[in-house]
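Here the structure comes first, spelled out in structure tokens, and everything after it is commentary.
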Amino acid sequence: MEPAVTMRGITKSFGPIHALRGVDLDLQAGEVLALLGDNGAGKSTLVKILSGLHVPDSGTMTLDGKPVDWRRYDVARARDMGVETVYQERSLGEKQPLWRNVFVGRHLRNRLGLIDVRREKVETMKLLADVIGFRGVGLHPEARVASLSGGERQGLAIARAMYFDAAIIVLDEPTTALGVTEAEKVLSFVERLRTEGHSCLFVSHEMHHVHRIADRFALMERGRIATILKKSEISLKDLAEKLLLGEEDRP
Amino acid sequence: MIGFFNCYRRQVLVTLALTALWAVFTLASPAAFTGIRIYRSFMSTIPVTLILTLGMTLLVILGEMDLSFPSVSAAAAFVFASLYAKAGWPPAAAMALALASGAAMGLFNGFLVVKVGVPSIIATIGTQFFWRGLILLAADGLAIALSAIRGHWIHSLFVGRLGLWELPAQALWGLSVAVVLGLLLNRHPFGDAILFIGDNRKTAEMMGISVDRVRLATFTLMGFLAAFAGLLATLELNNWWPTQGEGYMLLVFAAVFVGGTSAYGGQGTIYGSFVGAILIGIIEAGIVSAGLVGFWTRFIHGLVIILSVSAYAGMARWRPHG
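Going down the list, the sequences are from chains Z and V. Here our numbering is used: position 149 in the first sequence is 149, and no number is missing along the way. Start counting at 1 in the second sequence, then tack on 251, and there's your number in our numbering.
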């Protein structure tokens with residue numbers, strides 16, 4: 001089976017700062033790969049390249065075996081090719097109703113080319129009930145995102161990705177700003193993503209979340225992938241230590 | 252449960268405010284407010300404010316503003332007046348070029364804001380003086396009479412009197428602009444982009460919206476609408492004068508905010524602005540026909556603005572279901 005994503009020799013500099021110095025990474029189809037590393041290791045730059053917000057200086061990428069043409073690759077194109085990103089925050093428009101957030105950039109149109117609001121609201125209700133299991137809490141497609149809890153927001157962003165059947169879902173610190181219960185909800189959504197066959201790149205600082213949810217761990221250091229480990233190869237304690245000490249500083 | 256009122260409370264409020272004001276005026280001067288004449292007069296003057304208000308609404312939702320529209324309006328109308336009355340162009344061609352010049356002035360605002368990076372409030376103060384200064388120089392400070400335009404089909408098309416009741420054609424144009432912009436904002440991806448950019452520019456980028464292109468286009472649209480409003484005013488009065496449009500600045504912003512559009516961006520409705528423009532537009536005539544001196548006008552404008560924006564602020568703090 002083709003890997004969902006392959007990246008080879010990805011580099012990216014911002015002025016004098018070399019954020020990525022040649023990243024090689026495969027995301028296998030249907031796996032949850034955790035991307036770990038300290039601040040400044042290059043995680044978020046790598047995520048932004050995959051989701052179409054940044055273009056690398058050099059390197060190649062394939063999605064489901066298809067090579068990516070960087071000149072044409074942006075967020076809209078990434079979403080077309082099945083890459084959906086859930087950010088720590090800002091994945092949703094706070095003051096906009098739920099239905100607009102679900103369909104932004106990909107509206108259902110009627111014969112006149114106008115947004116089919118009624119159908120979008122019906123689909124939003126279905127998505128809330130089926131995918132996420134929001135029920136009976138007074139949620140309405142016209143409700144504003146601002147009225148949702150942190151976990152519900154991440155749930156909505158994940159549900160949106162599932163609704164459009166994204167093959168690759170990038171989760172950029174989806175639990176960082178959340179309390180325990182809310183984070184637990186989000187983790188259960190991620191488990192569900194795996195069950196349904198989506199491939200996930202899970203970026204996080206929270207070792208116990210990552211260890212529970214991921215199949216493999218990729219440790220980034222100074223703009224490179226330092227190590228890749230399978231879950232069976234390392235315990236939570238060792239993983240935390242490894243991340244803390246860093247590859248090069250160990251004896 | 253979110254009911255109708257919760258979803259549309261700003262629209263409900265502004266509608267109630269207009270109804271109440273109208274009722275007060277009608278009680279104060281029944282003769283004036285039950286006859287057709289005053290409404291005919293409203294329909295000839297309000298569309299100009301309305302069209303400006305609608306364009307400004309989109310910009311404010313986008314998180315920007317345009318203080319140059321009175322000058323852009325006058326400059327575009329000057330293009331029309333001088334081409335038609337001085338250079339002898341056919342009115343339709345002069346009008347097309349005037350509208351295009353308005354769009355170009357809007358695009359120039361957009362360029363300063365989006366590409367050069369000047370905050371819109373500052374950039375458009377600059378262009379407001381710039382275009383006004385330029386037309387004062389070009390027209391040598393003199394008005395241009397357009398009495399010959401009366402009776403031409405262009406005049407009838409835009410500001411003619413229609414039907415038995417002689418309703419001003421510009422009212423239909425104002426209504427059409429409202430319908431088109433309402434569909435654009437609520438039912439078209441372009442409007443969706445405006446809402447998301449005004450809500451949070453970063454979010455809009457992450458959703459794949461071409462943020463800069465939408466911002467440029469919205470400034471351009473405002474310039475075009477300012478030109479259109481200026482042309483309607485010029486045609487209605489058969490006259491162009493160099494300080495044209497100066498009285499509209501505060502009325503337009505008042506109408507936008509009375510209509511419930513948020514000063515913080517990301518929220519606002521065409522319906523609210525439509526009602527807001529009418530509300531602001533009937534105050535002066537209402538006061539005068541109630542027998543009060545015209546000095547009351549500003550006071551009542553101020554009162555209406557303070558009351559409505561306070562009500563919206565109260566609503567924003569008390570939001571059980573968002």
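Just so you know, even glycine gets a beta-carbon here, dropped at the ideal spot from N, CA and C.
Cβ-Cβ distance between Z:V32 and Z:V190 below 8 angstroms: yes
Own chain residues within Cβ distance below 7 angstroms of V:L435, not counting five before or after: F441, G442
Beta-carbon spacing of Z:V186, Z:G151 below 8 angstroms: With respect to the 8 angstroms criterion, Z:V186 and Z:G151 are classified as neighbours on the basis of their beta carbons.
6 angstroms Cβ shell around V:H406 - same chain, five flanking residues per side excluded: I400, L486
Assigned secondary structure, Z:L92 (DSSP; H/G/I helix, E/B strand, else coil): coil
Any non-hydrogen atom of the ligand SAM closer than 7 angstroms to V:E487 Cβ: With respect to the ligand SAM, the structure offers nothing, as it holds no ligand at all.
Whole alpha helix (DSSP H) elements within the segment 397 to 466 of chain V, 4-residue minimum: 404 to 410, 420 to 438, 440 to 450, 452 to 457
Residue burial classification, V:W424 (beta-carbon count within 10 angstroms, cutoff 16): buried
Below-8 angstroms beta-carbon distance, V:Q262 vs any chain Z residue: So no, V:Q262 is outside the interface.
Within chain Z, partners of V:R464 - CB distance below 9 angstroms: By Cβ distance, chain Z contributes nothing, its closest Cβ being about 12 angstroms from V:R464, past 9 angstroms.
CB contact check: V:G459 to chain Z, cutoff 8 angstroms: yes
Z:L20 vs Z:P56 beta-carbon contact at 8 angstroms: yes
Closer than 8 angstroms at the beta carbon, the chain V residues around Z:H107: P440, D443
Below-8 angstroms beta-carbon distance, Z:Y288 vs any chain V residue: As shown, chain Z starts at 1 and ends at 251. That puts residue 288 of chain Z outside it, with no answer to give.
Spatial distance of V:I521 from V:L305 (CA atoms): 6 angstroms
The segment 288 to 305 of chain V contacting the segment 445 to 454 of chain V, beta-carbon criterion three pairs below 8 angstroms: no
V:N490, DSSP secondary structure in three states: It is a strand residue.
C-beta neighbour in chain Z for V:T512, strict 8 angstroms: no
Paired residues, beta bridge with Z:F217 - DSSP: Z:A34, Z:L229
Which of helix, strand or coil DSSP assigns to Z:D172: strand
Contacting positions in the segment 496 to 522 of chain V - beta carbon closer than 9 angstroms to chain Z: S513, Y515, G516, G517, Q518
Beta-carbon proximity of V:G537 to V:F276, cut-off 8 angstroms: yes
Where the beta strand (DSSP E) containing Z:E84 begins and where it ends: Start and end: 83 to 86.
Cα-Cα separation between Z:V255 and Z:R8, rounded to whole angstroms: Coverage of chain Z is limited to positions 1 through 251, which leaves residue 255 of chain Z absent and any answer about it impossible.
Those residues which DSSP pairs with Z:M162 across a bridge: BP columns for Z:M162 are empty, so no partner.
Backbone secondary structure at V:G573 - three-state DSSP: Note that V:G573 has pLDDT 40, beneath the 50 cutoff, so the model's placement of it is unreliable and the number below is only indicative. It is coil, neither helix nor strand.
Contacts of Z:R90 in chain V (Cβ-Cβ under 7 angstroms): N451, K453, T454, M457
Sequence-distant residues of the same chain with beta carbon closer than 6 angstroms to Z:T176, five excluded per side: Q88
Cβ neighbour criterion (16 or more within 10 Å) applied to Z:H208: exposed
Interface positions of the segment 96 to 127 of chain Z facing chain V (Cβ-Cβ less than 7 angstroms), listed along the chain: Q96, R100, V104, G105, H107, L114, I115, V117
Under 8 angstroms between C-beta atoms of V:G496 and V:A336: In terms of Cβ geometry, V:G496 and V:A336 do not form a close pair [threshold 8 angstroms].
Same chain, Cβ closer than 6 angstroms to Z:G160, five either side skipped, listed in chain order: In the sequence as displayed, the identity of residue 160 of chain Z is Arg instead of Gly. So the qualifying residues of the chain are V102.
Any C-beta of chain Z under 8 angstroms from that of V:L432: no
Min CB distance Z:V170 to chain V below 8 angstroms: no
Cα-Cα separation between Z:G155 and Z:I234, rounded to whole angstroms: 29 angstroms
C-beta neighbour in chain V for Z:D74, strict 8 angstroms: Taking 8 angstroms as the CB threshold, Z:D74 lines the interface with chain V.
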